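> Residues -23 to -1, 1 to 1117 in mature numbering (1 follows the signal peptide of the UniProt record, and there is no 0) are what the sequence shown spells out, letter by letter.
All C-beta atoms, glycine included, are put in the ideal place defined by N, C-alpha and C.
A quick note: this is a predicted structure, and the numbers were derived from the prediction, not measured.
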Amino acid sequence: MKKRMLQTLLFALFTLFSAATFAQTTVSGTVQSEEGELLPGVSILIKGTTFGVVTDLDGNYTLSGVPADGILVFSFVGMTKQEIPIDGRSTINVTLASSSIGVDEVVVTALGISREKKSLGYSVGEVDGESLQKVAQENVLNALSGKVAGVAISSTGGPGSSVSMVIRGASSLTSDNQPLFVVDGVPMNNTLNNVTSIGRDNKPDYGNAISDLNPDDIESMSVLKGPSAAALYGSRAGNGVVLITTKSGKKSKGLGVNISSNTVIESPYKFLEKHTLFANGQRPFTQTDRPNNGLDYYSVPVADSYWVGPELDKGMMAYQWPYFDENGALTATPLISHPDNYKDFFETGITTTNTVSLNNSTEKVDYRLSYSNMENKGIIPNSDLHKNSIGMNSTLRLTDKLSVGSSINFVSNGADNRPSTGNRGTNPLQALYDLNSHIDINDLKDYWEPGKEGIEQRAPYNLEVNPDGTYDKGDAINNPYFLANEVNNSFQRDRFYGNARIDYDITKEWSLMVRYTHDQFHEKRETKIAPSYTGDANGVYGLQNLYRLEQNADFLLGYNKTVNDWSINASAGGNYMYQFAENNMAATKDRGSGLVVPGVYNLGNIAPDNLNYSSGMSEKAIYSLYALASFGYKDVAYLDLTARNDWSSTLPVENRSYFYPSASLSLLLNNAFDMGPNVSLAKIRGGWAMVGNDTDPYKLMANMNDNGSWGNQIMLSTSGTLLLPNLKPEIQTSWEIGADLALYENRIRFEGTYYSSENENQILNIGLPVSSGYSSKQINAGLIASKGIELAFGGTPIQTSDLTWDVNFVFSKNRTTVKELAEGFDYITLWTDAKGGAVTRVGDEIGQIVDDILVRVDDPTSPYHGWPIIDDEGWDDSDNWENYMEPGDNTAVIGNFNPDFTMGMQTALTYKNWTISAALDWRVGGQFVSQTFRYGESDLHTQRWIDRTLKLNDMSGAEMAQYLKDHADQYLSPDGEFFVVVGGPSAEYGGLEHTEDGITLNDGVFMPGVQGYYDDNGHFVMTQENLGGAGTPTIRYQDFYGWGYTRNAMFDADFIKLREISVSYKLPPLQSIGIQNASVSLYSRNILLWTKAGIGIDPETAFQAESSNQGSGIQFKQGIERYNVRPWTIPVGIKLNVSF
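(1) In the structure shown, what three-state DSSP assignment does Gly565 receive?
(2) Keeping to the same chain, check which residues put their C-beta closer than 7 Å to that of Leu209; ignore five residues upstream and five downstream.
(3) When the Cα atoms are used, what is the spatial distance from Pro864 to Tyr804?
(4) Skipping 5 residues on each side, what residues in its chain have a beta carbon closer than 6 Å to that of Val1054?
(5) Is DSSP giving Asp717 helix, strand or coil here?
(6) Have a look at Tyr283 and Pro962 and give me their C-alpha separation to the nearest angstrom.
(7) With distance defined between alpha-carbon atoms, name the residue in Ser314, Val285, Ile356 and Phe459 nearest to Thr325.
(8) Since Val806 contacts Val795 with CB under 8 Å, what's their CB separation in whole angstroms?
(9) Does DSSP classify Glu1074 as helix, strand or coil?
(10) Using CA atoms only, rank isn't needed, just tell me which of Ser595, Leu254 and Leu658 is closest to Lys676.
(11) Which whole runs of the beta strand (DSSP E) in the segment 712 to 785 are 3 residues long or more, in chain order?
(12) Assign His415 to one of two classes, buried (16 or more other C-beta atoms within 10 Å of its C-beta) or exposed (fewer than that).
(13) Closest to Leu254 by CA distance: which of Ser229, Lys227, Met293 and Ser237 is it?
(14) Would you mind working out which of Ile63, Gly65, Leu831 and Thr310 sits nearest Thr868, comparing C-alpha positions?
(15) Using a Cβ-Cβ cutoff of less than 7 Å, which residues in the same chain neighbour Asp321 once the five nearest sequence positions on both sides are dropped?
(16) Within its chain, find whatever has a CB closer than 7 Å to the CB of Gly802; leave out the 5 residues flanking it on each side and keep chain order.
(17) Can you name the residues that DSSP bridges to Gln110?
(18) Span of the alpha helix (DSSP H) holding residue 1119?
(19) If you draw a straight line from the alpha carbon of Thr332 to that of Gln110, how long is it in whole angstroms?
(20) Does the segment 828 to 844 touch the segment 943 to 953, meaning 3 or more C-beta pairs lie closer than 8 Å?
(21) Could you check which residue in Arg492, Thr695 and Ser626 has the C-alpha nearest to that of Asn703?
(22) Roughly how many angstroms lie between the CA atoms of Glu735 and Ser212, to the nearest whole one?
(23) How far does the alpha helix (DSSP H) with Gln908 in it reach, from first residue to last?
(24) Kindly indicate which three-state DSSP category Leu249 falls into: helix, strand or coil?
(25) Beta-carbon separation of Lys505 and Phe468 under 8 Å?
(26) Quick one: Cα of Gln709 to Cα of Lys1043, how far?
(27) Tell me, please, whether the segment 106 to 121 touches the segment 131 to 151 by the rule of three or more beta-carbon pairs shorter than 8 Å.
(28) Apply the 10 Å Cβ neighbour rule to Phe874 and answer buried if 16 or more other Cβ atoms are within range, or exposed otherwise.
(29) Does the distance from the CB of Gly123 to the CB of Ala896 come in under 8 Å?
(30) Just confirm the distance between the C-beta atoms of Asn648 and Asp612, as a whole number of angstroms; I'd bet it's less than 8 Å.
(31) Below 8 Å CB to CB, which residues in the same chain sit around Ser91 once its five sequence neighbours on both sides are set aside?
(32) Thr504 bridges to which residues according to DSSP?
(33) Using a threshold of 8 Å, state whether the C-beta atoms of Ser548 and Gly475 are closer than that.
(34) Quick one: what's got a C-beta closer than 7 Å to Leu655's C-beta in the same chain, skipping five residues either side?
(35) In whole angstroms, what is the alpha-carbon distance linking Leu917 and Val285?
(36) Based on Cα-Cα distance, which residue from Arg1062, Ile1111 and His495 lies nearest to Leu121?
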């Protein structure tokens, strides 16, 4: 019995053991990135245990003894963790997606040195290439918007336009404040002097340097925001540094071929508002019963900039362009509006970008070769852009100690036509905006006069009646289609840049890097303007050739050693930089006699006395020595020290050498104290630094410039600025403190930074009296102080095997103050506009917008205290045109172009193979001035000004006066509405009776206020209440916009913008046909825009540092929008990525 029981027990145990054995299996597979790159070092654990393996150099793994019903956990730094059920499978291949930077993540810092982010004592913004490429952008900087705290991105317009990037606000009053861009060690200047003006008021934007980069080639971008981070780059790093690392060769499971193709369709949908109520003209054309010029009907003056002529859509007949019927008879036609003119002019834009790359890695060689083609057809007729780029990154490991590498890139960027973006002139959008709606834009598509093709544009004109009854063409306006098609600004820019480097590990501790970098481009710009352009009637031709070269040679000797609890990383090196620039231009003279033979575009067709030419070149060199050291203790504390000395050729010998150090400290509290398993990172940090800045070449003494010719005489000129021979470098000193926190395995993340900086010895130009013989004088003076806060908060609220949700927020707040200026100067003017401008006094925040004030009764004993004082003719009693630049009692601060703060949000939700992501920007506070509205409303083009006038014409004069008195706080008080106007353009729109030249119409307006004078005791004596009662003088509506006041065209700059949204699907591997990875995504940009101003203008267009003519320098002109009448578009794109 006992024997039988023992046998039964042994059989049961054997059965259980066999079951357990058969329930375990061996799993193998490959782990790769979304780009198909094999990932070595990926951790694979059986969930709930510490048992696991890591992938080998080829991304392969094998794990034995795995429960068939278990779960494998795949994790890798910088990648999203995945949990995958085994479900009895023996082969599991995994693709890991990129995630937010982890606490142990490595980032690229100054000089291209990779560091663990947790060890840094300063703030570095890092954006991976996948985030930048998720939604395709023609310019990679646009993809940075809202993703990095403290960074402001703005653009002037569509594809190929210049893009500005400002880090932590303005640090200089006279530069464009652009950071230094370093691409694989190659410095690139992103300056905004990219506009050439050939022809009267012809200003195309040819784009800046960063637009030459191919976004698909970028691996990551590091934004070094403060001098502590950027000090090692010397004088060029005063505005920050953006380090761009391009993709390199990596081990691939398949052929290593990656193909990316995307197509974007762009359709305008939101247009600048303007009214369709009246035709061109002014008093007395508002009458319907009075002919003019002896004609039976009114002849509408289309070249008149005012839009208060005959009312449209009221059944009125008029002579209007083109005036004559098919038989040549002058014919009156109904005055009707064409409200879709703006919409009908634009076309559907399309951009296609295709990139193919081949990359792989072996034991000896890493390589990546890529080719990209971008073709753009713009929304403006006859506008385009094309770009071809070839790049190759390679590394050859010759021995275990010696390796050589190179990065070689060639970019060909050009266009057949870049439309002008300047003020009026050849800008087709401005001509379109100035076109009254009684003219149908579709009638202008055939833009040549029949029989005069190539000679005379078919342009709307005023009809002139001769005494003998014949007709002539009077003043004309440009046909928008003529400007779009016959003003051609082409360019071709061929750029070559790259580096070659040698890395040698001398010993285990010592290493040496030697590198040469090269960046050069040649650019040809050609302008052809056909005859009959109103600015240059006989046509224009111009040719400009630009050449830029920068060479850098540098070396870096490194030392790396760990002794007990201490780690030491030290480097010392030097750099030699050489820059050369050449600019040659020849063209017809502005407002000259044009071309000898119309339509023949070459320099030989320009008469010698009408030829304008210029030629210039410059050279600059900087020699540098630098050193850095990082000391670490027990992964608890890290101390970084740097020092650099520059010798600049652009400074005088006695000031040529300047030294600047930096220091930063990082303390990892979570490693110093036991904070529990839920605290992944708790760090405090701080840094201090100095950075110097030199100037451009030839700023020490006067030099002669080729200024063309006068007849047969060559003309030379010198600068109107009295130069300073003992010029000193600008010095920026800054410090910052911050804290970083990560909780629950980096599921919750926070970074906070407070910074302060001072920039002294500003290189400024101050005005001089004409009697001195100079217009200005160069000085070293001024102190600008900046303070700000940057916050970044994010996390992964949901993370399961199938579902992941990431969300990140960034917050920025910056204030820059002018602390000091030159002796005798207490304010600086950044730009002017009518009676106002951006004028900052010493002690005030930069960006103050000032304006003339209305003269008001200042007698506190008067019942009219605070009321506007009106002169005898009914005008506001203010005449400050000559002194508007000088802050004082007659001016007031009306706004500031800086925001109170900005915020950005990015989020991504992934469910299995589906991902949806979005990015949102929010700006709060600040104002901007719109010149589009100022001039548009002064010419009465907008509905806004009609709506703004107070309509009281249904009241008697006494009732009107009583109403205004009852609402004095709103209409007469300094705290009420500014520049109140009662009346309108016609009786229907509130117009009052007004008689002028013996003609009485209902187009009168007046400004509420009071007339009077001050007696000898300073008491105000009223002589007339200007409230609509008896004696109130009226003025015709068209004259009383008040366009001289900047305040009338100032708007709040607040906005919320949904910048991008993307939905993507990752296809399962199709290894039977060699496809390792494939994904398809549908995306859109600029989907929603809410603005507090609500005027149809994107406030961001007012915060682009203004582009200047090539070589003429940059002016800091933020907060003013200049004729940006480009419509709002929603680009929709589809993108396909395939890896073989």
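If we stick to the structure as given:
(1) Here residue 565 corresponds to residue number 588 of the sequence shown, with the count starting at 1. The residue you asked about is not Gly; residue 565 is Thr in the sequence shown. In the structure shown, Thr565 sits in a strand (DSSP, three-state: E or B).
(2) Position 232 of the sequence shown, counted from the first residue, corresponds to residue 209. Within the same chain, Leu209 has close Cβ partners Ala87, Leu88, Tyr603, Leu605, Thr619 and Arg621.
(3) If you number the sequence shown from 1, residue 864 lands on position 887. If you number the sequence shown from 1, residue 804 lands on position 827. Unreliable positioning characterises Pro864 in this predicted model, as indicated by a pLDDT of 49, which lies under 50. The coordinate reading is nonetheless provided below. Rounded to whole angstroms, Pro864 to Tyr804 spans 8 Å at the Cα level.
(4) On the sequence shown, position 1077 is the one that residue 1054 refers to. One detail in the question is off: residue 1054 reads as Asn in this sequence, not Val. Closer than 6 Å at Cβ, skipping near neighbours: Gly13 and Ser1116.
(5) The residue labelled residue 717 in the question sits at position 740 within the sequence shown. In the structure shown, Asp717 sits in a strand (DSSP, three-state: E or B).
(6) On the sequence shown, position 306 is the one that residue 283 refers to. On the sequence shown, position 985 is the one that residue 962 refers to. The C-alpha of Tyr283 lies about 12 Å from the C-alpha of Pro962.
(7) Counted from its first residue, the sequence shown places residue 325 at position 348. For the residues Ser314, Val285, Ile356 and Phe459, the minimum Cα distance to Thr325 belongs to Ile356.
(8) Position 829 of the sequence shown, counted from the start, is the residue given in the question as residue 806. Position 818 of the sequence shown, counted from the start, is the residue given in the question as residue 795. Per the sequence presented here, residue 806 reads as Thr, with Val not at that position. About 12 Å separates the two Cβ atoms, so there is no contact after all.
(9) Walking along the sequence shown from the start, residue 1074 turns up at place 1097. Going by the sequence as given, residue 1074 is Ile instead of Glu. The answer is coil: DSSP assigns Ile1074 none of H, G, I, E or B.
(10) Here residue 676 is taken as the residue at index 699 of the sequence shown, counted from 1. Per the Cα distances, Ser595.
(11) At a cut-off of 3 residues, the continuous stretches assigned as beta strand (DSSP E) that sit fully inside the segment 712 to 785 are 725 to 737, 740 to 744, 753 to 757 and 760 to 776.
(12) Walking along the sequence shown from the start, residue 415 turns up at place 438. Result: buried.
(13) Counting from 1 along the sequence shown, the entry for residue 254 is found at position 277. With distances taken between CA atoms, Leu254 lies nearest to Met293 out of Ser229, Lys227, Met293 and Ser237.
(14) Your numbering for residue 868 matches position 891 in the sequence shown. Looking at the Cα atoms, Leu831 is the closest of the given residues.
(15) As a first step, residue 321 must be located in the sequence shown, where it is residue number 344. So the list reads Ile418 and Asn419, once near-sequence residues are dropped.
(16) The residue given as residue 802 occupies position 825 in the sequence shown. According to the sequence as given, residue 802 is Phe; it is not Gly. For Phe802, the CB contacts under 7 Å within the same chain, skipping 5 residues up- and downstream, are Ile743 in chain order.
(17) Residue numbering aside, residue 110 sits at position 133 when the sequence shown is read from its first letter. Its beta-bridge partners do not exist; DSSP assigns none.
(18) The requested residue 1119 is not part of the displayed model; the chain covers only -23 to 1117.
(19) As a first step, residue 332 is located in the sequence shown; it is residue number 355 there, counting from the start. As a first step, residue 110 is located in the sequence shown; it is residue number 133 there, counting from the start. Rounded to the nearest whole angstrom, the C-alpha separation of Thr332 and Gln110 is 12 Å.
(20) A contact exists between the segment 943 to 953 and the segment 828 to 844.
(21) The count along the sequence shown starts at 1 and reaches residue 703 at position 726. Closest option to Asn703, Cα to Cα, is Ser626.
(22) As a first step, residue 735 must be located in the sequence shown, where it is residue number 758. As a first step, residue 212 must be located in the sequence shown, where it is residue number 235. If you draw a straight line from the Cα of Glu735 to the Cα of Ser212, it comes to about 15 Å.
(23) As a working mapping, residue 908 is identified with position 931 in the sequence shown. If you look at Gln908, you'll find it in the alpha helix (DSSP H) that goes Gln908 to Ser915.
(24) Looking up residue 249 in the sequence shown gives position 272. If DSSP states are grouped into helix, strand and coil, Leu249 belongs with coil.
(25) Against the sequence shown, residue 505 aligns to sequence position 528. Against the sequence shown, residue 468 aligns to sequence position 491. Their beta carbons are not under 8 Å apart, which means Lys505 does not touch Phe468 by this criterion.
(26) For the purposes of this step, residue 709 is taken as the residue at position 732 of the sequence shown. For the purposes of this step, residue 1043 is taken as the residue at position 1066 of the sequence shown. So the alpha carbons of these two residues sit roughly 48 Å apart.
(27) Here the segment 106 to 121 makes contact with the segment 131 to 151; the two share three or more CB pairs at distances below 8 Å.
(28) Taking the sequence shown and counting its residues from 1, the one referred to as residue 874 is at position 897. That one is buried.
(29) By 1-based counting over the sequence shown, the position of residue 123 is 146. By 1-based counting over the sequence shown, the position of residue 896 is 919. Yes; because the gap between Cβ atoms is below 8 Å, this pair is in contact.
(30) Your numbering for residue 648 matches position 671 in the sequence shown. Your numbering for residue 612 matches position 635 in the sequence shown. That belief holds up - the Cβ atoms of Asn648 and Asp612 are roughly 5 Å apart, short of 8 Å.
(31) Translated into the one-based positions of the sequence shown, residue 91 becomes position 114. Shown here for Ser91: same chain residues with a beta carbon closer than 8 Å to its own, the five before and five after excluded, namely Val83, Val84 and Val85 in chain order.
(32) Position 527 of the sequence shown, counted from the start, is the residue given in the question as residue 504. According to DSSP, which records beta bridges pairwise, Thr504 is partnered with Asn466 and Gly519.
(33) Along the sequence shown, one-based indexing puts residue 548 at 571. Along the sequence shown, one-based indexing puts residue 475 at 498. For Ser548 and Gly475, no; Cβs fall outside 8 Å.
(34) The count along the sequence shown starts at 1 and reaches residue 655 at position 678. Rather than Leu, the amino acid found at residue 655 in this sequence is Asn. These residues qualify, in order along the chain: Leu720 and Tyr721.
(35) Position 940 of the sequence shown, counted from the start, is the residue given in the question as residue 917. Position 308 of the sequence shown, counted from the start, is the residue given in the question as residue 285. Spanning the two alpha carbons is a distance of roughly 7 Å.
(36) By 1-based counting over the sequence shown, the position of residue 121 is 144. Taking the Cα of Leu121 as reference, the smallest distance to any Cα among Arg1062, Ile1111 and His495 is reached at Arg1062.
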